[in-house]
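Visitor: Read in order, the letters of the sequence shown are residues -2 to 406 in my numbering.
Where is the CB? At the ideal position from N, CA and C, for every residue including glycine.
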Amino acid sequence: MSRTAQPSRFDLLCFGEDWYKSSYTSTRQIVLRLAVGRRLLWVNPLPVRAPSLAGRDERHAALRKIQHKLRTHLRPLARPRPGVWVLSPLYLPVFLDARGDRLNGALLTAQVWLALRLLGLRRPLIWASSTYHALFVARRLAHRGFFYRFADKNSAFTDLPPERAARARALYETYDRRLCAEADRVYCASRAIAEDLRARCGESERIVYQPHGVDFAHFSAAGTGALPLPEALRGLPHPVVGYFGSLTNHNDKGILRRLAERHPDWSLVLIGRVIGDYSELADLPNFRLTGAVPYAELPAWAQAFDVAIMNWIETEWIASSFPVKVQEYLALGLPVVSVRIREVAEQFGDLVRIAEGPDDFVRLVEEELRTDTPAKRAARRERVRDRDWSQIAAAVLADAEAIHRGKSA
-2 MSRTAQPSRF
8 DLLCFGEDWY
18 KSSYTSTRQI
28 VLRLAVGRRL
38 LWVNPLPVRA
48 PSLAGRDERH
58 AALRKIQHKL
68 RTHLRPLARP
78 RPGVWVLSPL
88 YLPVFLDARG
98 DRLNGALLTA
108 QVWLALRLLG
118 LRRPLIWASS
128 TYHALFVARR
138 LAHRGFFYRF
148 ADKNSAFTDL
158 PPERAARARA
168 LYETYDRRLC
178 AEADRVYCAS
188 RAIAEDLRAR
198 CGESERIVYQ
208 PHGVDFAHFS
218 AAGTGALPLP
228 EALRGLPHPV
238 VGYFGSLTNH
248 NDKGILRRLA
258 ERHPDWSLVL
268 IGRVIGDYSE
278 LADLPNFRLT
288 GAVPYAELPA
298 WAQAFDVAIM
308 NWIETEWIAS
318 SFPVKVQEYL
328 ALGLPVVSVR
338 IREVAEQFGD
348 LVRIAEGPDD
358 FVRLVEEELR
368 TDTPAKRAAR
378 RERVRDRDWS
388 QIAAAVLADA
398 EAIHRGKSA
C-alpha cells in the first residue's frame, strides 16, 4: 500500500450520550473503535426537555439527574482515559425552542472551540447522534467531515404532553431536514428511519441505511460458562424472564404484570436504570429490579436469563427502531420474545418471536421455555457472529477517507 493510501490520522469530535452513564449506545461502540490511535473530544449532551416529575420514580430519577449534572459541571473538561477528553458544557435551561437552541448552539460552539484549542485538536471528524446541537457547531468550526447517526426516529420520541408534542415534532423535523442537507453522511439504524428521511428530505446518497452491530465477543462469552453469576442472582427461582436496558414509561408494564401473575413460579428480572415509574409493580413478589450494572458485567448478569424480552408500548418511535439489545440477546444465545418492530421482524423473524398483544406475548414466552435447546442457542449466536461493531466502524472510516479525499481534490 502506498503512503498516501494509508488511513490518515485525524482527531475526533463526538456529540453523544452522557459519557459518565453506564449505557453503551451505537455511538459509543462506533466512536471508541474509531478513536483507537486517535484523539477524541467527547461532548456530553445538552438536555432537550425538562425532567418529568409526574410519578414517584420519575421524581427520584429527575433528582438523580440534576445531582449528576451538578457533579459533571464541577469538572467541565476531564480526561477519563489516554487520548480521550470529555467536555460537560454549560447551557441555558431553554427547551424545545428554536431561538433557545440557537443561543445554546452559540454557547456550545464557543466552549467546543476553546476545548479544541486547549487540547491542540484540529479539523476533527464530527460525529453526532440523538442531539441536534451539533448542527450549530458543525456550521462554525473547521472540520474534516460531519457524520450524524439516527439511532432512533428522533421526531417520533417527544415524550411530552399532547399540547406540546406537535410543536416539538415540527421543530425536530426541521432539524432533520437541515441534517440531511448539511451532514456529509446521515446513517440510519433502520430501514423505516431511512425511508422516512428520504420521503421528507429527498433522495440523497448522504442518507445511508446502516443497521446496528453487536459486541459479539463480549456477549457470547456468557455461553462459555467462564463468567461467575453475580451474588444478587444466585438462588433465584427459574425460569428467569429477563430484560436489560433503560426502564422508562415506554416499556409495557402491563406485559410484565401479566407474565408475573400468570406464572408466580417464574422470576422476572429487569436490569437497568429506572427512569419511569414502576411503583405499580412493587406488589409482585416475583418481580425484581436490579438497578444499572456496568457494561463490562452485563453478560454475567444476563446469563441468568432463560428468555429475554423486549416489551415496549407499540408507538411510532418503537415501530421505527432497531433495538441494539436484540443482537446482544442473540449473542448470548437467548430465546427472544418481542413486540412487533419492523426491523427486528425483517432481520430476525426466524429467530425472534413476535407477539401480537399481551396474551400472545405470554404464550410465546411459555413456548420458548418449552422448546429451547443448546442447538438453538448456538444458531442464535452464529447468526450475529459477523455483525460486530468493528465492521461498522471500518465502513465509517472508509466513508471518512473517501469524503476527505473528495474535499481535498
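Taking the straight line between their C-alpha atoms, what separation do you get for W298 and R367?
Guide: Residue 298 sits at position 301 when you count from the first residue of the sequence shown. Residue 367 sits at position 370 when you count from the first residue of the sequence shown. Each residue's Cα considered, the two are about 22 Å apart.
Visitor: Tell me which residues share the same chain as R35 and place their Cβ nearer than 6 Å to its Cβ, disregarding the 5 neighbours each side in the sequence.
Guide: Here the question's residue 35 lines up with position 38 in the sequence shown. Excluding residues within five positions, the ones whose Cβ falls inside 6 Å are L9.
Visitor: Rounded to whole angstroms, how far is the Cβ of Y418 from the Cβ of R136, which I believe are closer than 8 Å?
Guide: For the chain, the structure presents residues -2 to 406; residue 418 sits outside this window and is missing.
Visitor: Kindly indicate the opening and closing residues of the alpha helix (DSSP H) around T312.
Guide: The residue labelled residue 312 in the question sits at position 315 within the sequence shown. No alpha helix (DSSP H) contains T312, which DSSP labels as neither H nor E.
Visitor: Excluding the five sequence neighbours on either side, which residues of its own chain have a C-beta within less than 7 Å of the C-beta of G251, listed in chain order?
Guide: Within the sequence shown, numbered from 1, the residue matching residue 251 stands at position 254. Around G251: P355.
Visitor: Return the Cβ separation of Y172 and Y129 in integer angstroms, given the expectation that the two are a contact with Cβ distance under 8 Å.
Guide: By 1-based counting over the sequence shown, the position of residue 172 is 175. By 1-based counting over the sequence shown, the position of residue 129 is 132. Yes, they are in contact, since the Cβ atoms of Y172 and Y129 sit about 4 Å apart, within 8 Å.
Visitor: What are the start and end residues of the beta strand (DSSP E) that includes Y206?
Guide: The residue labelled residue 206 in the question sits at position 209 within the sequence shown. Note, Y206: beta strand (DSSP E), 204 to 206.
Visitor: Quick one: grab the DSSP three-state call for S318.
Guide: Residue mapping note: residue 318 aligns to position 321 of the sequence shown, counting from 1. Looking at S318 - three-state DSSP - the assignment turns out to be coil, as it is neither helix nor strand.
Visitor: For Y240, collect the residues of the same chain with a Cβ closer than 6 Å to its Cβ; drop the 5 residues on either side in sequence, then sort them by chain order.
Guide: To locate residue 240, count along the sequence shown from 1; it is residue 243. Excluding residues within five positions, the ones whose Cβ falls inside 6 Å are L267, I306.
Visitor: DSSP state of S405, grouped into three classes?
Guide: By 1-based counting over the sequence shown, the position of residue 405 is 408. Helix.
Visitor: Once DSSP output is grouped into helix, strand and coil, what is the label at F284?
Guide: For the purposes of this step, residue 284 is taken as the residue at position 287 of the sequence shown. F284 falls in the strand class under three-state DSSP.
Visitor: Could you check which residue in N151, Y169, G210, N101 has the C-alpha nearest to that of A189?
Guide: Here residue 189 corresponds to residue number 192 of the sequence shown, with the count starting at 1. For the residues N151, Y169, G210, N101, the minimum Cα distance to A189 belongs to N151.
Visitor: Could you say which of D149, R382, T221, H235 lies nearest to L407 if we only look at CA atoms?
Guide: With the chain running from -2 to 406 in the structure shown, residue 407 is simply not present.
Visitor: Here's the rule: buried if 16 or more other CB atoms are within 10 angstroms of the residue's CB, otherwise exposed. What is D280?
Guide: Walking along the sequence shown from the start, residue 280 turns up at place 283. Looking at its Cβ environment, which holds fewer than 16 other Cβ atoms inside 10 Å, D280 is exposed.
Visitor: Identify the residues that DSSP records as bridge partners of Y240: which are they?
Guide: Indexing the sequence shown from 1 puts residue 240 at position 243. Paired residue(s): L267.
Visitor: Report the residue from N248, V211, S317 whose alpha carbon sits nearest the alpha carbon of E343.
Guide: Along the sequence shown, read from residue 1 onward, the residue named residue 343 stands at position 346. Measuring from the Cα of E343, the nearest candidate turns out to be S317.
Visitor: With DSSP as the reference, identify every bridge partner of W124, one or two as the case may be.
Guide: Your numbering for residue 124 matches position 127 in the sequence shown. Answer is C11, F144.
Visitor: Between the beta-carbon of L38 and the beta-carbon of L113, is there less than 8 Å?
Guide: As a first step, residue 38 is located in the sequence shown; it is residue number 41 there, counting from the start. As a first step, residue 113 is located in the sequence shown; it is residue number 116 there, counting from the start. It is a contact, given that the beta carbons lie within the stated cut-off.
Visitor: For A153, is the classification buried or exposed, using 16 other Cβ atoms within 10 angstroms of its Cβ as the cut-off for buried?
Guide: Walking along the sequence shown from the start, residue 153 turns up at place 156. Buried, by the Cβ-count rule.
Visitor: Going along the chain, which residues of its own chain have a beta-carbon closer than 6 Å to the beta-carbon of L361, five neighbours each way excluded?
Guide: Walking along the sequence shown from the start, residue 361 turns up at place 364. V334, R350, A352, listed in sequence order.
Visitor: CB-CB under 8 Å to M(-2), same chain, minus the five flanking residues each way: which ones, in chain order?
Guide: The count along the sequence shown starts at 1 and reaches residue -2 at position 1. Low confidence applies to M(-2): its pLDDT is 36, below 50, so where it sits in the model is not reliable, and the reading given next is rough at best. Hits under 8 Å: none found.
Visitor: Alpha carbon to alpha carbon, how far is A191 from L233?
Guide: Residue mapping note: residue 191 aligns to position 194 of the sequence shown, counting from 1. Residue mapping note: residue 233 aligns to position 236 of the sequence shown, counting from 1. Going by the C-alpha atoms only, they are around 43 Å apart.
Visitor: Using 8 Å as the threshold, is the C-beta distance between A186 and H209 below it?
Guide: Counting from one through the sequence shown, the residue named residue 186 turns up at place 189. Counting from one through the sequence shown, the residue named residue 209 turns up at place 212. Yes, the pair counts as a contact, with Cβ atoms nearer than the cut-off.
Visitor: Measuring alpha carbon to alpha carbon, tell me which residue in T287, I389, P86 is nearest E228.
Guide: Translated into positions along the sequence shown, residue 228 becomes position 231. For the residues T287, I389, P86, the minimum Cα distance to E228 belongs to T287.
Visitor: Considering just the uninterrupted stretch of the beta strand (DSSP E) at I351, what are its terminal residues?
Guide: Here residue 351 is taken as the residue at index 354 of the sequence shown, counted from 1. Taken as a continuous stretch (DSSP letters only), the beta strand (DSSP E) holding I351 covers 349 to 352.
Visitor: Taking the continuous beta strand (DSSP E) assigned at Y184, which residues delimit it?
Guide: Numbered from 1 along the sequence shown, position 187 holds the residue referred to as residue 184. Where Y184 is concerned, the enclosing beta strand (DSSP E) stretches over 182 to 185.
Visitor: Can you tell me whether L89 is buried or exposed? The criterion is at least 16 other CB atoms within 10 Å of its CB, across all chains shown.
Guide: Here residue 89 corresponds to residue number 92 of the sequence shown, with the count starting at 1. Exposed: under 16 other Cβ atoms inside 10 Å.
Visitor: With a threshold of 6 Å on Cβ separation, who are the neighbours of L329 within its own chain once the five nearest residues in sequence on each side are excluded?
Guide: Here residue 329 refers to the residue found at position 332 of the sequence shown. Hits under 6 Å: F216, A219, A299.
Visitor: Given Y21, which residues of its chain have a CB within under 6 Å of its CB, disregarding the five upstream and five downstream residues?
Guide: Taking the sequence shown and counting its residues from 1, one reaches residue 21 at position 24. Cβ neighbours of Y21 beyond the five flanking positions: Y292.
Visitor: What are the partner residues of R78, as DSSP defines its beta bridges?
Guide: As a working note, residue 78 is residue 81 in the sequence shown. According to DSSP, R78 bridges with V81.
Visitor: For a test of the three-state rule: what should DSSP assign to A301, helix, strand or coil?
Guide: For this step, residue 301 is matched to residue 304 along the sequence shown. Residue state, collapsed to three classes: coil.
Visitor: Leaving out the 5 sequence neighbours to the left and right, which residues in its chain are closer than 7 Å to E311 when beta-carbon positions are compared?
Guide: One-based indexing of the sequence shown puts residue 311 at position 314. Result list for E311: V336, R337, in chain order.
Visitor: Tell me the residue span of the alpha helix (DSSP H) that contains W110.
Guide: Translated into positions along the sequence shown, residue 110 becomes position 113. Where W110 is concerned, the enclosing alpha helix (DSSP H) stretches over 95 to 116.
Visitor: Which class does S20 belong to by DSSP, given the choice of helix, strand or coil?
Guide: If you number the sequence shown from 1, residue 20 lands on position 23. Coil, per DSSP.
Visitor: Within 10 Å of its beta-carbon, does R96 have 16 or more other beta-carbons around it, so buried, or fewer, so exposed?
Guide: Start at 1 with the first residue of the sequence shown, and residue 96 comes out as number 99. Exposed is the call here.
Visitor: Pick out whichever of A131, L122, L157 has its Cα sitting closest to the Cα of H140.
Guide: Counted from its first residue, the sequence shown places residue 140 at position 143. H140 has its Cα closest to that of L122, out of A131, L122, L157.
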